[in-house]
Amino acid sequence: MAFSLTILGSSSGVPTAGRNTTAHVLNVHERFFLIDCGEGTQIQFRRFRIRFGKVNHIFITHLHSDHYIGLFGLLSTMSMIGRKTQLHLFAPARLEQILESHYSLVSDRPLFPIVFHPLDSAGPTMIHADAHVEVTSFPTRHRIPAWGFLFREKFRPGNNRALQPRSFAHCADGLFNPSLADILRGVNLLYHEATYLHDKLERARSTGHSTALQAGEMARISNVQQLVIGHFSARYKDVTPLLDQAKSVFENTSAAYDGLTIQID
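Once you know that position 205 of the sequence shown is 216 in my numbering, the rest is easy, because the numbers rise by one and skip nothing.
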């Protein structure tokens with residue numbers, strides 16, 4: 012059964028004509044998990060023919076607007092097309108206040124239940140488990156509180172128990188942090204932000220981001236199987252140099268683009 016990642020947005024804080032802000036969909040056995048929800052995410056769902064009605068869990072890494080501002084439109088549309096199913100929202104605690112403040116001023120509160128799960132742990136914490144997948148959050152080092160997510164398949168469907176469960180780790184905005192290697196160890200696919208080329212290392216450090224070279228190094232020391240880099244600064248019209256830089260230390264790397272789907276084996 013399916014275990015795949017689709018990139019809905021691969022730009023950093025500023026969208027471009029070809030790259031939307033951050034949003035990713037993980038398909039686990041036809042159950043869709045949305046990770047971040049930048050502006051225009053619902054349009055990207057339509058563009059790439061992914062049914063957002065199948066999303067029952069949303070994970071927000073941190074409260075910079077390019078990672079969550081698309082929630083308002085997405086939740087409104089879900090409500091307008093008749094959604095009744097409960098939605099689970101995992102996010103920094105202040106997002107609940109932001110949503111409540113918004114809905115106290117306007118008349119488009121969703122007509123379906125939203126269960127809010129605040130992220131507040133200082134270390135790796137299991138935040139969701141069902142028959143198909145376990146999700147662990149872990150803090151990253153950004154300018155504001157931020158978290159990454161580790162998804163581990165519970166089992167492979169079918170009778171072949173020799174097949175190993177698959178895994179995906181999502182490291183959004185944050186500084187290069189070798190201490191995360193233990194939690195990322197051996198995952199099938201790692202998404203790691205690569206906002207800048209390494210000649211902008213000081214800029215990366217001052218803004219709480221990583222370079223493409225550091226993303227490759229994170230994959231190498233974590234012994235992951237495959238790396239995909241994204242969250243590219245809008246200054247880069249061609250991301251080939253970022254890809255080349257990451258591949259110089261971790262060969263099995265691909266560069267995210269809007270609409271890319273990676274099958275996780």
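All C-beta atoms, glycine included, are put in the ideal place defined by N, C-alpha and C. Bear in mind the structure is a predicted one, so any value in this text is a computation, not a measurement.
Between the alpha carbons of residue i and residue j, how many angstroms are there, rounded?
| i | j | result |
| --- | --- | --- |
| Phe14 | Phe162 | 10 Å |
| Ile80 | Leu37 | 20 Å |
| Ser190 | Arg231 | 13 Å |
| His113 | Phe261 | 44 Å |
| Pro150 | Pro135 | 7 Å |
| Asp77 | Lys248 | 19 Å |
| His220 | Gly270 | 24 Å |
| Ile194 | Ala157 | 16 Å |
| Glu111 | Leu174 | 44 Å |
| Glu145 | Leu254 | 30 Å |
| Ala7 | Glu50 | Residue 7 lies beyond the residue range present for the chain, which begins at 12 and ends at 276; the question has no answer from this structure. |
| Asn188 | Met229 | 8 Å |
| Lys258 | Ile92 | 44 Å |
| Val239 | Gln274 | 12 Å |
According to the Cβ coordinates, are residue i and residue j closer than 7 Å?
| i | j | result |
| --- | --- | --- |
| Gln53 | Thr88 | yes |
| Gly159 | His181 | yes |
| Leu100 | Gln55 | no |
| His203 | His73 | no |
| Leu224 | Gln256 | yes |
| Arg216 | Tyr207 | no |
| Thr27 | Ala245 | yes |
| Ser233 | Ala192 | yes |
| Thr218 | His209 | no |
Quick one: what's got a C-beta closer than 7 Å to residue i's C-beta in the same chain, skipping five residues either side?
| i | result |
| --- | --- |
| Leu85 | Cys48, Thr52, Gln53, Phe63 |
For residue i, which of the options has the nearest alpha-carbon?
| i | options | result |
| --- | --- | --- |
| Pro121 | Leu130, Leu98, Arg105 | Leu98 |
| Ala226 | Val146, Leu200, Met91 | Leu200 |
| Lys165 | Ala157, Arg154, His153, Phe179 | Phe179 |
| Gly241 | Gln274, Gly185, Ser233, Asp276 | Gly185 |
| Thr96 | Ile125, Met137, Ala102, Asp276 | Ile125 |
| Leu266 | Thr251, Asp276, Ile275, Glu107 | Rather than Leu, the amino acid found at residue 266 in this sequence is Ala. Considering only alpha carbons, the answer is Thr251. |
| Phe70 | His139, Gln274, Val117, His209 | His139 |
| Pro176 | Asp276, Phe59, Arg58, Arg30 | Asp276 |
Using C-beta distances below 6 Å, list every residue in its chain close to residue i, excluding the 5 sequence neighbours before and after it, in chain order.
| i | result |
| --- | --- |
| Asn263 | Gln237 |
| Tyr268 | Ser21 |
| Phe43 | Val36, Lys65, Val66 |
| Thr272 | Ser15, Thr17 |
| Pro129 | Ala104 |
Can you tell me whether residue i is helix, strand or coil according to DSSP?
| i | result |
| --- | --- |
| His143 | coil |
| Ala223 | helix |
| Phe83 | helix |
| Glu111 | helix |
| Ile125 | strand |
| Pro156 | coil |
| Ser148 | strand |
So, at 8 Å on beta carbons, what are the nonlocal neighbours of residue i in its own chain, with the 5 sequence-adjacent residues on each side left out?
| i | result |
| --- | --- |
| Arg94 | Gly64, Pro121, Leu122, Phe123 |
| Glu41 | Met12, Ala13, Lys65 |
| Arg30 | Gly20, Ser21, Ser22, Phe243, Ala245, Tyr268, Asp269 |
Compare the C-beta of residue i with all C-beta atoms of chain C and state if any pair is closer than 7 Å.
| i | result |
| --- | --- |
| His73 | This model lacks chain C altogether; it includes just one protein chain. |
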